[in-house]
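Taking it in order: structure first as C-alpha coordinates, then the write-up.
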Amino acid sequence: MIRRVRVSLTEGRDRSYDIRVGADIQGEFGSAIRTLGLGLRALLVADAAVADSLAPLLGSSLHAAGITTHLVVVPSGEGSKTLDTARRLYDAAFDAGLDRRSVIVALGGGMVGDLAGFVAATFLRGIAFVQVPTTLLAQVDASVGGKVAVDHPRGKNLIGAFHQPRLVWADVRALAGLPKRELRAGLAEAIKMGIIADARYYQFIRRNYAAILDGDESALVRVVVGSCRLKAEVVHADEREESGQRMLLNFGHTIGHAVEAVAGYGNIRHGEAVAIGMCVEGRLALRCGRWSERWQSQLEALCTAVGLPTRIPGLPLRDLVVTMGFDKKSLAGKLHWVLPERPGSASIVTNVQATDVAAVATELGAEA
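Counting in this note's numbering, the sequence shown runs from 999 upward without gaps.
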(Lines of atoms letter the chains of each structure in order from A and count residues from 1; the text may use other names and numbers.)
(Lines give C-alpha, C1' and ligand atoms only; values in the text may rest on other atoms or scores of the structure.)
Protein backbone atom coordinates (compact mmCIF):
# COMPACT_ATOMS: atom_id res chain seq x y z
CA MET A 1 0.00 0.00 0.00
CA ILE A 2 1.22 3.50 -0.87
CA ARG A 3 0.79 6.16 1.81
CA ARG A 4 0.30 9.73 0.56
CA VAL A 5 1.36 13.02 2.17
CA ARG A 6 0.40 16.23 0.40
CA VAL A 7 2.68 19.27 0.39
CA SER A 8 0.30 22.18 -0.17
CA LEU A 9 1.81 25.25 -1.79
CA THR A 10 -0.67 27.88 -2.91
CA GLU A 11 1.52 30.90 -3.74
CA GLY A 12 1.42 31.63 -7.48
CA ARG A 13 0.43 28.75 -9.75
CA ASP A 14 -0.41 25.51 -8.03
CA ARG A 15 2.87 23.81 -7.18
CA SER A 16 1.53 21.38 -4.60
CA TYR A 17 2.83 17.85 -4.82
CA ASP A 18 2.61 14.39 -3.29
CA ILE A 19 5.06 12.46 -1.18
CA ARG A 20 4.29 8.80 -1.72
CA VAL A 21 5.68 6.27 0.72
CA GLY A 22 5.54 2.48 0.63
CA ALA A 23 7.49 -0.75 0.34
CA ASP A 24 8.46 -2.24 -3.03
CA ILE A 25 6.73 0.46 -5.10
CA GLN A 26 9.45 1.31 -7.64
CA GLY A 27 7.65 -0.60 -10.42
CA GLU A 28 4.77 1.89 -10.24
CA PHE A 29 7.04 4.91 -10.62
CA GLY A 30 6.74 5.38 -14.38
CA SER A 31 2.95 5.51 -14.40
CA ALA A 32 3.05 8.04 -11.53
CA ILE A 33 5.40 10.26 -13.54
CA ARG A 34 3.21 9.96 -16.62
CA THR A 35 0.17 11.27 -14.70
CA LEU A 36 2.06 14.50 -13.93
CA GLY A 37 1.56 15.57 -17.54
CA LEU A 38 5.22 16.31 -18.23
CA GLY A 39 7.16 15.71 -21.43
CA LEU A 40 8.42 12.31 -22.49
CA ARG A 41 12.13 12.82 -21.85
CA ALA A 42 13.88 12.36 -18.53
CA LEU A 43 17.41 12.65 -17.21
CA LEU A 44 17.94 10.11 -14.43
CA VAL A 45 20.73 11.29 -12.11
CA ALA A 46 21.83 8.37 -9.94
CA ASP A 47 24.28 8.09 -7.09
CA ALA A 48 26.95 5.52 -7.94
CA ALA A 49 26.06 3.61 -4.76
CA VAL A 50 22.59 2.70 -6.09
CA ALA A 51 23.01 3.03 -9.86
CA ASP A 52 23.52 -0.69 -10.48
CA SER A 53 20.84 -1.91 -8.09
CA LEU A 54 18.02 0.59 -8.52
CA ALA A 55 18.50 2.58 -11.74
CA PRO A 56 17.59 -0.36 -14.06
CA LEU A 57 14.24 -0.92 -12.30
CA LEU A 58 13.42 2.77 -12.34
CA GLY A 59 14.50 3.09 -15.97
CA SER A 60 12.37 0.11 -16.98
CA SER A 61 9.34 1.60 -15.22
CA LEU A 62 9.85 4.90 -17.04
CA HIS A 63 10.35 3.11 -20.37
CA ALA A 64 7.12 1.15 -19.87
CA ALA A 65 5.34 4.48 -19.37
CA GLY A 66 6.70 5.75 -22.70
CA ILE A 67 9.31 8.07 -21.21
CA THR A 68 12.74 8.13 -22.88
CA THR A 69 15.32 8.13 -20.12
CA HIS A 70 19.01 8.99 -20.14
CA LEU A 71 21.10 7.86 -17.18
CA VAL A 72 24.03 9.76 -15.71
CA VAL A 73 25.87 8.44 -12.66
CA VAL A 74 27.65 10.71 -10.18
CA PRO A 75 30.24 9.54 -7.66
CA SER A 76 28.98 9.04 -4.11
CA GLY A 77 29.78 11.54 -1.41
CA GLU A 78 29.44 15.22 -0.64
CA GLY A 79 32.50 15.91 -2.80
CA SER A 80 30.27 15.55 -5.89
CA LYS A 81 27.96 18.38 -4.85
CA THR A 82 29.86 21.08 -6.72
CA LEU A 83 29.45 23.49 -9.61
CA ASP A 84 31.85 21.32 -11.63
CA THR A 85 29.53 18.32 -11.31
CA ALA A 86 26.53 20.53 -12.07
CA ARG A 87 28.24 21.64 -15.28
CA ARG A 88 28.61 17.98 -16.29
CA LEU A 89 24.90 17.43 -15.67
CA TYR A 90 24.00 20.48 -17.80
CA ASP A 91 25.99 18.90 -20.64
CA ALA A 92 24.19 15.59 -20.12
CA ALA A 93 20.81 17.36 -20.17
CA PHE A 94 21.63 19.02 -23.49
CA ASP A 95 22.93 15.73 -24.91
CA ALA A 96 19.68 14.03 -23.83
CA GLY A 97 17.62 16.62 -25.67
CA LEU A 98 15.79 17.88 -22.61
CA ASP A 99 13.42 20.79 -23.13
CA ARG A 100 11.24 22.97 -20.88
CA ARG A 101 8.71 20.14 -20.36
CA SER A 102 11.27 17.46 -19.52
CA VAL A 103 12.03 16.16 -16.04
CA ILE A 104 15.15 15.44 -14.03
CA VAL A 105 14.88 12.49 -11.64
CA ALA A 106 17.17 12.34 -8.61
CA LEU A 107 17.92 8.78 -7.46
CA GLY A 108 19.98 8.56 -4.29
CA GLY A 109 20.49 10.35 -1.02
CA GLY A 110 20.38 14.00 -0.08
CA MET A 111 23.52 14.86 -2.03
CA VAL A 112 22.05 13.74 -5.36
CA GLY A 113 18.70 15.35 -4.55
CA ASP A 114 20.34 18.68 -3.81
CA LEU A 115 22.59 18.50 -6.87
CA ALA A 116 20.00 17.32 -9.40
CA GLY A 117 17.44 19.74 -8.00
CA PHE A 118 19.88 22.62 -8.37
CA VAL A 119 20.50 21.66 -11.98
CA ALA A 120 16.74 21.41 -12.61
CA ALA A 121 16.19 24.82 -11.01
CA THR A 122 18.71 26.48 -13.33
CA PHE A 123 18.59 24.48 -16.59
CA LEU A 124 16.56 26.44 -19.16
CA ARG A 125 15.59 28.73 -16.23
CA GLY A 126 13.92 25.87 -14.43
CA ILE A 127 12.41 22.51 -15.37
CA ALA A 128 10.57 19.85 -13.37
CA PHE A 129 12.35 17.42 -11.11
CA VAL A 130 11.33 14.41 -9.05
CA GLN A 131 12.95 13.03 -5.93
CA VAL A 132 13.49 9.29 -5.47
CA PRO A 133 15.31 9.22 -2.12
CA THR A 134 17.15 6.01 -1.25
CA THR A 135 18.55 6.86 2.19
CA LEU A 136 16.56 7.29 5.38
CA LEU A 137 17.91 10.80 5.85
CA ALA A 138 16.70 11.81 2.39
CA GLN A 139 13.33 10.12 2.85
CA VAL A 140 12.55 11.78 6.20
CA ASP A 141 13.97 15.20 5.39
CA ALA A 142 16.23 16.17 2.48
CA SER A 143 13.89 15.22 -0.38
CA VAL A 144 11.02 17.39 0.88
CA GLY A 145 10.73 21.16 0.80
CA GLY A 146 12.48 22.33 -2.35
CA LYS A 147 15.84 23.43 -0.97
CA VAL A 148 18.40 22.60 -3.67
CA ALA A 149 22.06 23.57 -3.68
CA VAL A 150 25.71 22.83 -4.24
CA ASP A 151 28.50 23.40 -1.75
CA HIS A 152 31.19 26.06 -1.70
CA PRO A 153 34.57 25.73 0.04
CA ARG A 154 33.34 28.26 2.60
CA GLY A 155 30.30 26.25 3.57
CA LYS A 156 27.60 23.74 2.82
CA ASN A 157 24.67 24.58 0.51
CA LEU A 158 25.73 28.19 0.01
CA ILE A 159 24.90 28.23 -3.72
CA GLY A 160 21.32 27.20 -4.28
CA ALA A 161 17.66 27.93 -4.83
CA PHE A 162 14.14 27.06 -3.73
CA HIS A 163 12.78 24.69 -6.38
CA GLN A 164 10.03 22.32 -5.33
CA PRO A 165 9.88 18.78 -6.75
CA ARG A 166 6.83 17.62 -8.64
CA LEU A 167 6.78 14.33 -6.74
CA VAL A 168 8.69 12.56 -3.97
CA TRP A 169 8.73 8.77 -4.31
CA ALA A 170 10.00 7.09 -1.13
CA ASP A 171 10.31 3.30 -1.27
CA VAL A 172 11.53 1.98 2.09
CA ARG A 173 12.54 -1.30 0.38
CA ALA A 174 15.41 0.73 -1.11
CA LEU A 175 16.81 1.09 2.41
CA ALA A 176 17.33 -2.67 2.82
CA GLY A 177 20.98 -2.64 1.78
CA LEU A 178 21.97 0.49 3.68
CA PRO A 179 24.73 0.26 6.26
CA LYS A 180 23.50 0.77 9.82
CA ARG A 181 25.51 3.99 9.95
CA GLU A 182 23.33 5.50 7.22
CA LEU A 183 20.12 4.49 9.00
CA ARG A 184 21.39 6.05 12.22
CA ALA A 185 22.22 9.26 10.38
CA GLY A 186 18.69 9.37 8.97
CA LEU A 187 17.16 8.87 12.39
CA ALA A 188 18.93 12.01 13.59
CA GLU A 189 16.76 14.14 11.29
CA ALA A 190 13.63 12.30 12.44
CA ILE A 191 14.57 12.94 16.07
CA LYS A 192 15.00 16.60 15.16
CA MET A 193 11.48 16.76 13.74
CA GLY A 194 10.04 15.28 16.91
CA ILE A 195 11.90 17.70 19.17
CA ILE A 196 10.80 20.81 17.28
CA ALA A 197 7.29 19.85 16.20
CA ASP A 198 5.63 16.75 17.69
CA ALA A 199 6.23 15.16 21.09
CA ARG A 200 4.19 12.06 20.20
CA TYR A 201 6.31 11.44 17.10
CA TYR A 202 9.44 11.88 19.24
CA GLN A 203 8.15 9.28 21.70
CA PHE A 204 7.36 6.93 18.80
CA ILE A 205 11.01 7.11 17.77
CA ARG A 206 12.15 6.50 21.35
CA ARG A 207 10.01 3.34 21.49
CA ASN A 208 10.74 2.05 18.00
CA TYR A 209 14.29 3.04 17.06
CA ALA A 210 15.52 -0.56 17.33
CA ALA A 211 12.87 -1.82 14.88
CA ILE A 212 13.70 1.03 12.50
CA LEU A 213 17.40 0.19 12.60
CA ASP A 214 16.58 -3.50 12.08
CA GLY A 215 14.81 -2.58 8.83
CA ASP A 216 11.24 -3.31 9.90
CA GLU A 217 9.31 -1.97 6.88
CA SER A 218 6.18 -1.07 8.84
CA ALA A 219 8.22 0.98 11.31
CA LEU A 220 10.17 2.57 8.47
CA VAL A 221 7.01 3.61 6.63
CA ARG A 222 5.61 5.12 9.85
CA VAL A 223 8.76 7.11 10.61
CA VAL A 224 9.03 8.40 7.02
CA VAL A 225 5.35 9.33 6.79
CA GLY A 226 5.45 11.00 10.21
CA SER A 227 8.47 13.13 9.43
CA CYS A 228 7.20 14.06 5.96
CA ARG A 229 3.83 15.09 7.40
CA LEU A 230 5.51 17.41 9.88
CA LYS A 231 7.87 18.89 7.31
CA ALA A 232 5.01 19.39 4.84
CA GLU A 233 3.18 21.47 7.46
CA VAL A 234 6.24 23.64 8.03
CA VAL A 235 6.91 24.13 4.31
CA HIS A 236 3.26 25.03 3.71
CA ALA A 237 3.45 27.71 6.41
CA ASP A 238 6.85 29.15 5.43
CA GLU A 239 8.15 27.89 2.10
CA ARG A 240 11.11 30.29 1.81
CA GLU A 241 12.04 30.88 5.45
CA GLU A 242 10.37 34.29 5.48
CA SER A 243 8.15 34.08 8.56
CA GLY A 244 10.71 32.19 10.60
CA GLN A 245 8.80 28.94 11.12
CA ARG A 246 10.89 27.03 8.60
CA MET A 247 14.04 28.11 10.42
CA LEU A 248 12.98 25.71 13.18
CA LEU A 249 14.06 22.90 10.84
CA ASN A 250 17.63 24.08 11.45
CA PHE A 251 17.72 22.65 14.97
CA GLY A 252 21.15 21.04 15.30
CA HIS A 253 22.35 22.51 12.02
CA THR A 254 24.07 25.73 13.12
CA ILE A 255 26.82 23.78 14.85
CA GLY A 256 26.23 20.68 12.73
CA HIS A 257 27.08 22.29 9.39
CA ALA A 258 30.24 23.76 10.92
CA VAL A 259 31.26 20.34 12.25
CA GLU A 260 30.75 18.84 8.78
CA ALA A 261 32.81 21.54 7.07
CA VAL A 262 35.67 21.65 9.56
CA ALA A 263 35.94 17.86 9.76
CA GLY A 264 36.03 17.71 5.95
CA TYR A 265 32.93 16.78 3.98
CA GLY A 266 32.37 13.04 3.98
CA ASN A 267 34.26 12.30 7.19
CA ILE A 268 31.19 12.89 9.32
CA ARG A 269 27.74 12.04 8.00
CA HIS A 270 25.25 14.91 7.89
CA GLY A 271 22.94 13.18 10.36
CA GLU A 272 25.85 12.53 12.72
CA ALA A 273 26.75 16.21 12.62
CA VAL A 274 23.11 17.13 13.29
CA ALA A 275 23.07 14.81 16.31
CA ILE A 276 26.16 16.57 17.67
CA GLY A 277 24.54 19.92 16.91
CA MET A 278 21.33 18.97 18.73
CA CYS A 279 23.29 18.00 21.82
CA VAL A 280 25.26 21.26 21.72
CA GLU A 281 22.19 23.40 21.10
CA GLY A 282 20.23 21.52 23.74
CA ARG A 283 22.94 22.35 26.28
CA LEU A 284 22.84 25.96 25.13
CA ALA A 285 19.08 25.96 25.77
CA LEU A 286 19.73 24.42 29.17
CA ARG A 287 22.31 27.11 29.93
CA CYS A 288 19.79 29.79 28.88
CA GLY A 289 17.08 28.35 31.12
CA ARG A 290 14.84 27.27 28.22
CA TRP A 291 15.22 23.48 28.45
CA SER A 292 15.37 21.07 31.35
CA GLU A 293 18.14 18.74 32.47
CA ARG A 294 15.65 15.88 32.13
CA TRP A 295 14.95 16.58 28.48
CA GLN A 296 18.65 17.05 27.69
CA SER A 297 19.57 13.77 29.35
CA GLN A 298 16.79 12.02 27.44
CA LEU A 299 17.97 13.48 24.12
CA GLU A 300 21.60 12.52 24.67
CA ALA A 301 20.57 9.04 25.88
CA LEU A 302 18.45 8.51 22.74
CA CYS A 303 21.29 9.59 20.45
CA THR A 304 23.65 7.24 22.26
CA ALA A 305 21.18 4.34 22.07
CA VAL A 306 20.70 4.91 18.34
CA GLY A 307 24.47 4.96 17.88
CA LEU A 308 24.84 8.63 17.05
CA PRO A 309 27.70 10.82 18.31
CA THR A 310 26.96 13.37 21.01
CA ARG A 311 30.35 15.11 21.19
CA ILE A 312 32.42 17.29 18.84
CA PRO A 313 35.35 15.14 17.65
CA GLY A 314 38.24 17.35 18.79
CA LEU A 315 37.77 20.09 16.20
CA PRO A 316 39.29 23.55 16.82
CA LEU A 317 36.76 25.93 18.35
CA ARG A 318 38.13 28.86 16.35
CA ASP A 319 37.56 27.03 13.03
CA LEU A 320 34.00 26.15 14.05
CA VAL A 321 33.25 29.77 14.97
CA VAL A 322 34.68 31.11 11.69
CA THR A 323 32.68 28.56 9.67
CA MET A 324 29.46 29.41 11.51
CA GLY A 325 30.00 33.03 10.47
CA PHE A 326 29.61 32.02 6.82
CA ASP A 327 26.46 30.02 7.52
CA LYS A 328 23.35 31.09 5.63
CA LYS A 329 21.49 31.20 8.95
CA SER A 330 23.60 34.23 9.84
CA LEU A 331 21.56 37.38 9.14
CA ALA A 332 22.81 40.93 9.70
CA GLY A 333 25.84 39.46 11.42
CA LYS A 334 23.77 37.46 13.92
CA LEU A 335 23.42 33.71 14.06
CA HIS A 336 19.88 32.41 14.43
CA TRP A 337 19.88 29.51 16.87
CA VAL A 338 17.06 27.01 17.29
CA LEU A 339 16.78 26.16 20.96
CA PRO A 340 14.41 23.48 22.26
CA GLU A 341 11.96 24.23 25.07
CA ARG A 342 10.34 20.80 25.49
CA PRO A 343 9.76 17.86 23.13
CA GLY A 344 7.52 19.19 20.39
CA SER A 345 8.44 22.85 20.86
CA ALA A 346 11.42 25.07 20.03
CA SER A 347 12.12 28.72 19.35
CA ILE A 348 14.50 30.86 17.30
CA VAL A 349 16.96 32.86 19.37
CA THR A 350 19.48 35.49 18.23
CA ASN A 351 20.90 36.69 21.56
CA VAL A 352 22.98 33.62 22.45
CA GLN A 353 26.26 34.83 23.90
CA ALA A 354 29.50 33.82 22.19
CA THR A 355 30.94 32.92 25.59
CA ASP A 356 28.12 30.43 26.14
CA VAL A 357 28.69 28.88 22.72
CA ALA A 358 32.40 28.54 23.44
CA ALA A 359 31.79 27.07 26.87
CA VAL A 360 29.32 24.45 25.67
CA ALA A 361 31.34 23.56 22.57
CA THR A 362 34.52 22.97 24.59
CA GLU A 363 32.51 21.06 27.20
CA LEU A 364 31.44 18.73 24.42
CA GLY A 365 34.84 18.20 22.85
CA ALA A 366 35.90 21.22 20.79
CA GLU A 367 39.53 22.26 21.22
CA ALA A 368 39.82 25.74 22.71
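Note that the Cβ used here is the ideal one computed from N, Cα and C, for glycine as well. Remember, it's a predicted structure, so these values are computed and weren't measured experimentally.
Under the DSSP definition of a beta bridge, residue 1263 partners with 1266.
As summarised for the stretch 1042-1073, the continuous alpha helix (DSSP H) elements at least 4 residues long and confined to that stretch are 1046-1062, given in chain order. Looking at 1264, 1148, 1029, the one whose alpha-carbon comes closest to that of residue 1119 is 1148. Taking C-beta separations shorter than 6 angstroms and ignoring five residues to either side along the sequence, the partners of residue 1191 in its chain run 1225, 1228, following chain order. For residue 1169, the beta-bridge partners assigned by DSSP are 1020.
As summarised for the stretch 1246-1321, the continuous alpha helix (DSSP H) elements at least 4 residues long and confined to that stretch are 1251-1261, 1268-1285, 1291-1304, given in chain order.
Taking C-beta atoms as the reference points, residue 1049 and residue 1070 fail to come closer than 7 angstroms. Straight-line spacing of the CA atoms in residue 1233 and residue 1166 works out to 14 angstroms. CA-CA distance, residue 1056 to residue 1027, rounds to 7 angstroms. Listed in chain order, the non-local C-beta contacts of residue 1018 below 6 angstroms within the same chain comprise 1000, 1002, 1167, local neighbours out to five positions each way being set aside. Contact between the stretch 1127-1141 and the stretch 1179-1187 is present: 3 or more CB-CB pairs across the two stretches fall below 8 angstroms.
Annotated three-state conformation of residue 1100 is coil, per DSSP.
Taking all protein chains shown into account, residue 1004 has fewer than 16 neighbouring C-beta atoms within 10 Å of its C-beta and is therefore exposed.
Contact fails between the stretch 1231-1248 and the stretch 1102-1118, because fewer than three Cβ pairs, one in each stretch, are under 8 angstroms apart.
For residue 1216, the uninterrupted alpha helix (DSSP H) segment begins and ends at 1215-1235.
For residue 1354, same chain residues with a beta-carbon under 8 angstroms away, outside a window of 5 residues either side, are 1282, 1285, 1286 in chain order. Residue 1324 is not a Cβ neighbour of residue 1077, given a cutoff of 7 angstroms.
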